[in-house]
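To keep things clear, I will list the structure first and then write my remarks on it.
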Amino acid sequence: MTGHAGPQTLHHAAVPSGVWVPVGSGEALSLLRVPKSCVQACALVVVSHPRGQSAAHLRDSTSASVLTSALIHAGFAVLLSGDGGPASWGSPAGLAALGQVHAQATDLFGWSGRTYALGLSMGGLMALRSALPGAPYPVEGVALIDGWVDLRLAWGSALSRREEIGAAYGLADPPEDLNPAWLARAWGPRPLLVFGSPDDRTVPFDRNGEALWAEAGEPDVGGLVRLSGGHLGGNRFTPDVARQVAAFYRTLERR
């Protein structure tokens, strides 16, 4: 990855290419990178981070850089989202913060009007929720890597998660109509590309990614990719996985 740009006042289509540019502030602080190939217009991929991380974590991660570099090379602008904080768990407040950052970011380059989402672990909740009705901007397709999508399962899986989710949602027990998995089932098929492993002991794949694909995946686009090994293992961040993610978005671009 190349250098980082410092904070500055930016105007439409004036963002420097090939560097990470800060967008937003505080817990919503995100990082935008526009490919040099984006001469006229390009689509945006919003990347939502794992629990306890941030946009800066993703920028500095050699593993995540395999994915983001492939997306940049494929001609997509990439927004590493702050998601409203390190433990927002796809909450309405986090989604609203992301909506504001998305509006700012898409005014800084030649945006084509199309947005895609990529969710990693906890970021799966935000990525999926952003693609469902009531979100602040439309999302054309969602890719998930070891992603949580069932908020109720996450809430019930550990006391620490329950406390974080309660704080993020401002509710002791978030209702089902705030659960992205439930909403996805209710609102019908979506273009999905889902990676996960039955060996994952952090995010149960059968009750998250596999269940989501079976219940809400749009046929004939994307798919379900079963990998091996534990949560967010190295085989999630290979050139082959990155190629599949970029190809999924490119397929949707041709629609």
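Position in the sequence shown counted from 1, then plus 5, gives you our numbering.
Heads up, the beta-carbon is just placed ideally off N, CA and C, and yes, glycines get one too.
I'd like to confirm the pairing. Which residues does DSSP put opposite residue i in its beta bridges?
i      : result
PHE200 : ILE150, VAL230
VAL71  : None; VAL71 has no bridge partner.
ALA122 : VAL51, VAL147
SER35  : VAL28
Beta-carbon within less than 7 Å of residue i's beta-carbon, same chain only, minus the 5 sequence neighbours each way: which residues are those?
i      : result
TRP187 : GLU181
PRO185 : GLY95, LEU130, LEU133, ARG134, LEU137, VAL154, LEU156
PRO179 : LEU156, TRP160, ILE170
ILE150 : LEU125, PHE200, ARG241
TYR142 : GLY104, HIS107, THR120
Buried or exposed: residue i, going by 16 or more other Cβ atoms within 10 Å of its Cβ?
i      : result
PRO67  : Just to set this straight, residue 67 is Thr in the shown sequence, not Pro. Under this definition THR67 is an exposed residue.
TRP218 : buried
ASP155 : buried
GLY175 : exposed
VAL320 : Beyond the ends of the chain as shown, which are 6 and 260, falls residue 320; an answer cannot be given.
GLN45  : exposed
ALA173 : buried
PRO244 : exposed
GLY99  : buried
ARG195 : buried
Considering only residues of the same chain and omitting the five flanking positions on each side of residue i, which have a CB-CB separation below 8 Å?
i      : result
ILE106 : First, the residue type needs correcting, since residue 106 is Val and not Ile in the sequence shown. Closer than 8 Å at the Cβ level, and outside the excluded window around VAL106, lie VAL28, GLY29, ALA33, SER35, LEU84, SER86, GLY87.
ASN213 : GLY129, GLY152, TRP153, VAL154, ASP155, LEU158, ALA186, GLY201
ASP204 : SER233, GLY234, GLY235
Only counting the same chain, and skipping five residues up and downstream in sequence, which positions put a Cβ closer than 6 Å to that of residue i?
i      : result
PHE242 : SER68, VAL71
ILE170 : TRP94, TRP160
Original post:
Is the region 75-84 in contact with the region 140-148, if contact means three or more CB pairs nearer than 8 Å?
Top reply: The region 140-148 and the region 75-84 do not touch, with fewer than three beta-carbon pairs separated by less than 8 Å.
Original post:
Touching or not, the region 220-228 and the region 45-64, by the rule of three or more beta carbon pairs under 8 Å?
Top reply: Cβ pair count under 8 Å is below three, so no.
Subject >> Uninterrupted alpha helix (DSSP H) stretches inside the region 171-225 (no shorter than 4 residues) >> reply: 185-192, 214-221
Original post:
Taking three-plus beta-carbon pairs below 8 Å as touching, is the region 249-256 in contact with the region 201-217?
Top reply: no
**OP:** Only counting runs of 3 or more residues, tell me where the beta strand (DSSP E) segments fall wholly within the region 81-118, in order along the chain.
**Re:** You should have 82-86.
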